[in-house]
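One structure is given below, encoded as structure tokens.
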Amino acid sequence: MPRTGPETVIYDVAVIGAGVVGTAIARTLARYELGCALIDASPDVGTGTSKANTAILHTGFDAKPGSLESRLLARGSVLLRDYAAAAGIPVERTGALLVAWTAGQLAALPGIAQNARKNGYLAVRELGAAALYEREPRLGPGALGALEIPDESVICPWTTPLAFAAEAAGAGARLLLDTKVTGAEHADGPCVLATTRGPVRSRWVVNAAGLGSDVVDRMFGGDGFTIRPRRGELIVFDKFARRLLRSILLPVPAARTKGVLVAPTVYGNVLLGPTAEDVGDRGDVATTAAGLGSLLGAGRRILPELAAEEVTATYAGLRAATEHSDYQIHVDAGRRYACAAGIRSTGLSASLGIAEHVVCGLAEAGLPLRPRAVPPAIPVMPYIGEAGPRPYRDAERIAADPAYGEIACHCERVTRGEIRDALAGPLPPTDLDGLRRRTRALNGRCQGFYCAATVSRLFAEFRGPRHGG
Amino acid sequence: MEVDVLVVGAGPAGLSAAAELRRLGAGRVLVADREAAPGGVPRHSWHTGYGLRDLRRIMTGPAYARALAAAAAAAGARIRPGTTVTGWELGESGAGGAPGPRLALTMTSACGAETVHAAAVLLATGCRERPRAARLVPGDRPAGVMTTGELQQRVYLNGERLAGRALVVGAEHVSFSAMTTLAHAGADVVALVTSSARQQSYAAFRLAAAARWRVPVWTSTAVRRIDARADGAGRGGPGARARLAGVQVADCRTGAARFVQCDWVVFTGDWIPDHELARAAGLDIDPGTRGPAIDAALATSAPGVFAAGNLVHAAETADVAALSGRHAARSIAAALRAARRSAGAGEGAVPDADASAAAGGGPEPGVRIPVRAEPPLLWISPNVIRPAARETLPPRGRFVLRAGEFRRLARLEVRQDGRLLARSRPVRLIPARPVHLGAGWLPRVDPSGGPVSVFAP
Ligand SMILES: Cc1cc2nc3c(=O)[nH]c(=O)nc-3n(C[C@H](O)[C@H](O)[C@H](O)COP(=O)(O)OP(=O)(O)OC[C@H]3O[C@@H](n4cnc5c(N)ncnc54)[C@H](O)[C@@H]3O)c2cc1C
Ligand SMILES: Cc1cc2nc3c(=O)[nH]c(=O)nc-3n(C[C@H](O)[C@H](O)[C@H](O)COP(=O)(O)OP(=O)(O)OC[C@H]3O[C@@H](n4cnc5c(N)ncnc54)[C@H](O)[C@@H]3O)c2cc1C
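Read top to bottom, the protein sequences are chains A and B.
Note that numbering that gives the first Met the number 0 numbers the first sequence so that position 420 is 419, with each residue one more than the last.
Note that numbering that gives the first Met the number 0 numbers the second sequence so that position 56 is 55, with each residue one more than the last.
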């Protein structure tokens with residue numbers, strides 16, 4: 000949406016950061032009579048850490064009991080499960096197995112089960128080696144037992160913030176993308192945010208800026224935390240590997256070494272990762288030979304047959320870690336400012352819990368919340384998972400609209416109709432990566448050998464002449 | 000829909016097979032291709048060099064594609080572009096993952112999602128180049144990194160111009176082809192890099208490259224890392240995808256690394272068959288070619304399912320793929336005839352490649368002895384011997400192999416359970432170039448023996 004002239008509106012709430020946390024907050028605020036702005040430096044929503052993670056909908060069984068993270072994760076994962084069902088966000092309840100490979104790890108399982116119960120998660124169950132191999136016959140040799148967490152699930156990390164943002168926008172929230180917040184002035188009256196696209200005025204401000212949240216926090220007088228990016232590299236295996244496992248295979252956490260996990264994805268691939276490495280640069284999402292090498296080594300031990308399958312993609316994400324172990328969430332009533340930061344490795348799962356918590360905090364600090372007479376509708380997103388029906392298999396849909404029978408991206412079976420729909424949708428992609436996150440086009444094993452030329456042609460065609468070259 | 004033969008893929012292999020099937024009276028032949036036009040890879044390979052061994056003329060890729068499509072259509076095959084074969088409908092007996100006795104495949108096109116029933120299926124789905132991620136090249140993920148397949152389609156089908164400096168990874172035939180495409184698109188090719196000690200194309204290609212474009216080949220050089228531009232929005236941080244800054248290359252012998260600025264990187268060669276349907280059917284997969292395991296008749300492990308072209312030898316030239324398609328067509332036609340004969344006598348409409356051979360008694364039908372390529376050989380095709388049909392020769396009367404190393408004079412040895420079956424004349428091994436092995440030793444294979452191995456001692 001092109002913006003003309005400086006922003007003259009005064010928003011009730013401006014949310015900085017359109018990752019999964021910021022969009023969840025915007026979507027929760029949208030249920031009340033409020034004028035909201037959702038601001039992001041990027042031209043699209045969900046392009047930060049929210050797009051590059053392990054995509055697990057955690058139950059929070061392993062959180063630190065009593066922490067804010069534990070509480071919001073438990074709440075958030077339940078909320079998100081229901082929301083996903085309503086919005087068509089792909090989720091598969093695969094369950095997870097925390098696999099013990101050493102006597103020490105085996106001995107740790109009862110404690111972890113106890114911890115889960117303290118977190119209010121009661122469904123954990125111990126499995127002996129025989130039962131474990133029956134469940135996961137392709138597991139590498141030497142596993143001694145496991146803890147089963149039946150509600151751990153995998154989710155689509157791309158559709159989630161898109162659904163939240165679409166819901167907020169549908170209820171009138173203004174999306175100010177490609178807009179970086181560079182400063183904040185708070186005299187009396189509304190706060191004036193300095194941005195790369197001119198000032199934005201708002202009575203309340205929420206900081207959900209992920210890796211940039213400490214910088215934004217300093218604009219509001221904060222100095223309680225510093226982001227220390229911790230990079231996680233991941234390997235996506237070919238869909239042929241999907242048959243090798245049923246559940247998410249988690250490592251037993253240890254004090255020093257953080258193991259890697261193997262998990263199915265909702266797109267039908269297998270993920271291996273992540274590594275954990277502190278990096279200085281907040282933009283350094285490069286993969287490394289050492290990182291990929293260590294993952295492959297670990298993968299071979301966990302699931303030996305993985306080694307024979309092709310790698311479809313590699314990527315890295317940055318956890319917004321801080322010097323604190325818990326989330327950094329607080330509300331400053333005086334400055335009419337809320338901060339939702341330090342959400343290191345569970346923000347996708349906890350997003351709706353965090354949003355609820357932040358909005359309650361704002362209300363307590365004085366933000367008037369009047370529910371809308373008609374609550375905004377939960378948007379129904381195009382389904383891009385592998386477990387449910389896809390347009391290319393839907394004879395009726397193709398009969399009604401042949402564009403759903405024209406497969407453009409062969410590996411992922413994405414049709415011309417879906418590409419057209421994405422570009423006609425309420426939040427159209429601004430580049431091929433945005434299209435990829437909305438449709439899966441270009442995401443498959445050929446990485447563009449067959450389809451990149453066709454898909455980019457369709458992208459330009461459906462984007463229309465408005466955008467020129 | 001009911002057909003006699005469903006050919007999956009309208010590349011040189013599929014189209015040549017379709018024409019031959021019709022000529023041999025195989026009945027209703029349907030060729031499905033998921034692209035908008037038939038022809039396979041040659042459609043977007045505008046340089047000349049196609050058709051030598053099959054059509055005995057040399058022409059450009061698109062002209063060759065058109066010629067093959069016209070010949071198949073003229074012979075009476077039905078060609079359906081824009082039609083993807085999406086999978087197998089597994090019958091009751093297909094519980095083990097193998098197609099049931101009636102072959103049923105699902106297809107999607109603008110006309111709908113439908114099921115095709117066929118007495119025989121030929122998989123001719125070709126191969127592709129392994130992309131950067133599969134080669135585990137680390138670094139950033141900027142735009143501007145691609146394979147030759149993508150490059151050719153962008154340049155020749157979309158008419159895109161590519162300004163700036165380009166680096167080609169690989170130094171085999173297809174790498175030189177990528178180089179000419181880049182030059183055609185306006186890019187300035189900096190070099191071809193290969194971790195191999197020598198380039199692997201014909202001297203003519205290399206000399207032409209050196210003379211016409213002054214493009215050097217950097218041998219013993221590995222691509223270590225891809226770097227995105229640090230300016231502006233980017234390195235995966237907020238903003239649109241960053242552009243390529245360049246790559247870090249290293250000397251494989253000394254480890255000395257350096258940065259090469261470029262705007263495009265094209266990963267070439269390093270082929271893998273497009274074996275999705277083969278694997279979905281649970282066909283035996285050959286560990287060397289990674290395509291379906293096939294015998295000399297190009298029959299796979301599932302009755303009625305055959306495979307040809309670059310799916311079974313990634314990658315040979317188009318004319319070789321075409322001849323392999325014709326060869327498969329002859330096997331399919333024979334199997335269909337045999338099936339019709341026995342259908343007269345009783346049940347069982349699916350043609351079994353064994354049916355014709357088994358009619359005359361002889362070794363157990365159904366026995367399949369694997370043929371393995373031992374290092375430094377990478378693969379051999381065909382890679383199964385069916386004692387019941389030992390008189391069937393492979394396409395062009397010989398086996399084709401690939402080596403992973405250079406050898407000046409190697410004598411290939413064929414052994415079964417340690418017993419020497421054959422020793423070839425001295426051959427030169429060059430990675431990415433075909434090596435051939437005669438088939439005269441086939442009758443010496445012990446039908447009840449173990450796997451056959453081919454060595455290059
Ligand atoms: C390797 C890895 C694996 C993970 N696995 C999981 C998992 O399995 N399950 C799970 O629940 N969580 C997981 N996480 C964590 C999860 O991804 C994050 O907690 C979550 O994405 C954080 O969302 P966010 O909205 O806070 O941050 P982000 O998605 O980073 O969003 C912040 C946004 O703020 C914008 N921004 C920053 N500064 C400014 C500014 N000054 N002006 C304007 N905009 C600005 C950025 O552009 C960005 O879009 C994982 C994380 C990593 C790195
Ligand atoms: C850059 C480049 C340059 C080359 N230069 C030369 C040259 O100069 N001379 C030469 O002789 N050879 C050349 N080759 C090699 C030549 O193109 C191949 O040998 C030949 O195309 C192989 O034929 P094929 O039929 O096996 O496979 P392909 O040509 O790859 O055809 C396979 C077809 O199957 C279709 N398909 C796959 N899966 C499905 C499905 N599920 N449903 C429907 N359709 C499907 C595809 O769309 C495709 O059209 C070159 C190759 C490349 C990449």
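Each residue gets a CB set at the ideal place from its N, CA and C atoms; glycine is no exception.
Segments assigned alpha helix (DSSP H), at least 4 residues, entirely inside the stretch 134 to 191 of chain B: Considered as a whole, the stretch 134 to 191 of chain B harbours 147 to 151 and 172 to 183 as its complete alpha helix (DSSP H) runs of no fewer than 4 residues, in chain order.
In its own chain, which residues sit with a C-beta less than 7 Å from the C-beta of residue 155 of chain B, not counting the 5 before and 5 after it? For the purposes of this step, residue 155 of chain B is taken as the residue at position 156 of the second sequence. Around residue 155 of chain B, the same chain offers 43 and 45 as residues with beta carbons nearer than 7 Å, after the five sequence neighbours per side are excluded.
Among A:250, A:429, A:377 and A:427, the one whose alpha carbon lies nearest that of residue 27 of chain A: What you label residue 27 of chain A is simply residue 28 of the first sequence in a count that begins at 1. Taking the Cα of residue 27 of chain A as reference, the smallest distance to any Cα among A:250, A:429, A:377 and A:427 is reached at A:377.
Can you tell me which of B:443, B:436 and B:432 puts its alpha carbon nearest to the alpha carbon of residue 420 of chain B? In the second sequence, counting from the first residue as 1, residue 420 of chain B sits at position 421. Of the candidates B:443, B:436 and B:432, the one whose C-alpha sits nearest the C-alpha of residue 420 of chain B is B:443.
Provide the residue span of the alpha helix (DSSP H) that contains residue 213 of chain A, from first to last. Along the first sequence, one-based indexing puts residue 213 of chain A at 214. From DSSP, the alpha helix (DSSP H) with residue 213 of chain A extends over 212 to 218.
Measure how close the beta-carbons of residue 206 of chain A and residue 216 of chain A come, nearest whole angstrom, since I'm counting them as under 8 Å. Counting from 1 along the first sequence, the entry for residue 206 of chain A is found at position 207. Counting from 1 along the first sequence, the entry for residue 216 of chain A is found at position 217. With a Cβ gap of about 6 Å, residue 206 of chain A and residue 216 of chain A count as contacting.
Whole beta strand (DSSP E) runs in the stretch 42 to 101 of chain A with 3 or more residues, listed along the chain? Positions of the beta strand (DSSP E) runs, each at least 3 residues long and wholly inside the stretch 42 to 101 of chain A, are given as 95 to 99 in order along the chain.
Within 10 Å of its beta-carbon, does residue 35 of chain B have 16 or more other beta-carbons around it, so buried, or fewer, so exposed? Taking the first residue of the second sequence as position 1, residue 35 of chain B is located at position 36. With fewer than 16 other beta carbons inside 10 angstroms of its own, residue 35 of chain B counts as exposed.
Once DSSP output is grouped into helix, strand and coil, what is the label at residue 245 of chain B? Translated into the one-based positions of the second sequence, residue 245 of chain B becomes position 246. Residue 245 of chain B falls in the strand class under three-state DSSP.
How many Å lie between residue 374 of chain B and residue 78 of chain B at the Cα? Here residue 374 of chain B corresponds to residue number 375 of the second sequence, with the count starting at 1. Here residue 78 of chain B corresponds to residue number 79 of the second sequence, with the count starting at 1. If you take the alpha carbons of residue 374 of chain B and residue 78 of chain B, they lie about 41 Å apart.
How about residue 34 of chain B: is its Cβ closer than 7 Å to a heavy atom in ligand 2? Here the question's residue 34 of chain B lines up with position 35 in the second sequence. Between ligand 2 and the CB of residue 34 of chain B, the shortest heavy atom gap is smaller than 7 Å.
Is it the case that the Cβ atoms of residue 448 of chain A and residue 367 of chain B are separated by a distance below 8 Å? One-based indexing of the first sequence puts residue 448 of chain A at position 449. One-based indexing of the second sequence puts residue 367 of chain B at position 368. Cβ distance not < 8 Å, so residue 448 of chain A and residue 367 of chain B don't count as in contact.
State buried or exposed for residue 294 of chain B, treating a residue as buried only when at least 16 other CB atoms are found within 10 Å of its CB. Taking the first residue of the second sequence as position 1, residue 294 of chain B is located at position 295. Buried.
For ligand 2, is there a heavy atom less than 7 Å away from the beta-carbon of residue 53 of chain B? The residue given as residue 53 of chain B occupies position 54 in the second sequence. Not so, every heavy atom of ligand 2 lies at least 7 Å from the Cβ.
By DSSP's criteria, residue 153 of chain A is part of a beta bridge. Which residues make up the other side? Here residue 153 of chain A refers to the residue found at position 154 of the first sequence. Looking at the DSSP output, residue 153 of chain A sits in a beta bridge with A:55 and A:91.
Between the CA atoms of residue 20 of chain B and residue 347 of chain B - distance to the nearest angstrom: Residue mapping note: residue 347 of chain B aligns to position 348 of the second sequence, counting from 1. Residue mapping note: residue 20 of chain B aligns to position 21 of the second sequence, counting from 1. For residue 347 of chain B, the pLDDT reaches just 48, beneath the cut-off of 50, and the residue's location in the model is therefore unreliable, although a value from the coordinates is still provided. Straight-line Cα distance between these residues: approximately 21 Å.
Residues of chain B with CB under 7 Å from residue 452 of chain A, in chain order? One-based indexing of the first sequence puts residue 452 of chain A at position 453. Per Cβ cutoff of 7 Å: 149, 152, 153, 156 and 157.
Taking 8 Å as the threshold (C-beta atoms), are residue 268 of chain B and residue 277 of chain B in contact? Taking the second sequence and counting its residues from 1, one reaches residue 277 of chain B at position 278. Taking the second sequence and counting its residues from 1, one reaches residue 268 of chain B at position 269. No. Outside cutoff.
What do you reckon, is the C-beta of residue 447 of chain A under 7 Å from a heavy atom of ligand 2? Translated into the one-based positions of the first sequence, residue 447 of chain A becomes position 448. Result no, Cβ not under 7 Å from ligand 2.
Residue environment, residue 468 of chain B, which counts as buried when at least 16 other CB atoms sit within 10 Å: There is no way to answer for residue 468 of chain B, as the model of chain B reaches only from 0 to 456.
CB contact flag (residue 16 of chain B, residue 327 of chain B, <8 Å): Locating residue 16 of chain B in the second sequence gives position 17, where the first residue counts as 1. Locating residue 327 of chain B in the second sequence gives position 328, where the first residue counts as 1. Going by beta carbons, residue 16 of chain B and residue 327 of chain B fall inside the 8 Å limit.
Inter-stretch contact (C-beta, 8 Å, three-pair minimum) for the stretch 119 to 135 of chain B and the stretch 308 to 317 of chain A: Taking one beta carbon from each stretch, the stretch 119 to 135 of chain B and the stretch 308 to 317 of chain A have 3 or more pairs nearer than 8 Å; the two touch.
So the candidates are A:62, A:362 and A:126; which of them puts its Cα closest to the Cα of residue 116 of chain A? Start at 1 with the first residue of the first sequence, and residue 116 of chain A comes out as number 117. For residue 116 of chain A, the closest alpha carbon among the candidates A:62, A:362 and A:126 is that of A:62.
In the DSSP assignment, what are the bridge partners of residue 448 of chain A? Position 449 of the first sequence, counting from 1, holds the residue named residue 448 of chain A. Answer is none; residue 448 of chain A lacks a bridge partner.
Check the Cβ-Cβ distances between residue 393 of chain A and every residue of chain B, and say whether any is below 8 Å. Residue numbering aside, residue 393 of chain A sits at position 394 when the first sequence is read from its first letter. The Cβ of residue 393 of chain A sits closer than 8 Å to at least one Cβ of chain B.
For ligand 2, I want to know if residue 269 of chain B counts as a neighbour, meaning its beta carbon is within less than 7 Å of at least one of the ligand's heavy atoms. Walking along the second sequence from the start, residue 269 of chain B turns up at place 270. Here the distance from the Cβ of residue 269 of chain B to the nearest heavy atom of ligand 2 is not below 7 Å.
Host beta strand (DSSP E) of residue 314 of chain A (start-end): The residue you call residue 314 of chain A lines up with position 315 of the first sequence. Annotation for residue 314 of chain A: the continuous beta strand (DSSP E) segment containing it runs 310 to 318.
Can you determine whether any heavy atom of ligand 1 sits closer than 7 Å to the C-beta of residue 208 of chain A, and answer yes or no? Position 209 of the first sequence, counted from the first residue, corresponds to residue 208 of chain A. Checking the Cβ of residue 208 of chain A against ligand 1 gives yes.
Which partner residues does residue 35 of chain A have in the DSSP bridge list? As a first step, residue 35 of chain A is located in the first sequence; it is residue number 36 there, counting from the start. Per DSSP, A:12.
Return the first residue and the last residue of the alpha helix (DSSP H) that residue 13 of chain B is part of. Stepping through the second sequence from its first residue, residue 13 of chain B is reached at position 14. If you look at residue 13 of chain B, you'll find it in the alpha helix (DSSP H) that goes 11 to 22.
For residue 260 of chain B, count neighbouring Cβ atoms within 10 angstroms of its own Cβ and tell me buried if that reaches 16, exposed if not. Within the second sequence, numbered from 1, the residue matching residue 260 of chain B stands at position 261. By the 10 Å Cβ count, residue 260 of chain B comes out exposed.
Just how far apart, CA to CA, sit residue 131 of chain A and residue 151 of chain A? In the first sequence, counting from the first residue as 1, residue 131 of chain A sits at position 132. In the first sequence, counting from the first residue as 1, residue 151 of chain A sits at position 152. When rounded, the distance between both Cα atoms is 16 Å.
At a Cβ threshold of 8 Å, is residue 44 of chain B touching chain A? Counting from one through the second sequence, the residue named residue 44 of chain B turns up at place 45. No, no contact with chain A.
Counted within 10 angstroms of its Cβ, other Cβ atoms place residue 324 of chain A as buried (16 or more) or exposed: In the first sequence, residue 324 of chain A corresponds to position 325, counting from 1. In this structure residue 324 of chain A is exposed. Its beta-carbon is surrounded by fewer than 16 other beta-carbon atoms within 10 angstroms.
Closest to residue 402 of chain B by CA distance: which of B:186, B:282 and B:430 is it? Residue numbering aside, residue 402 of chain B sits at position 403 when the second sequence is read from its first letter. Nearest of B:186, B:282 and B:430 to residue 402 of chain B, Cα basis: B:430.
Considering just the uninterrupted stretch of the beta strand (DSSP E) at residue 377 of chain B, what are its terminal residues? Numbered from its first residue, the second sequence carries residue 377 of chain B at position 378. Under the DSSP assignment, residue 377 of chain B falls in the beta strand (DSSP E) whose first and last residues are 376 to 380.
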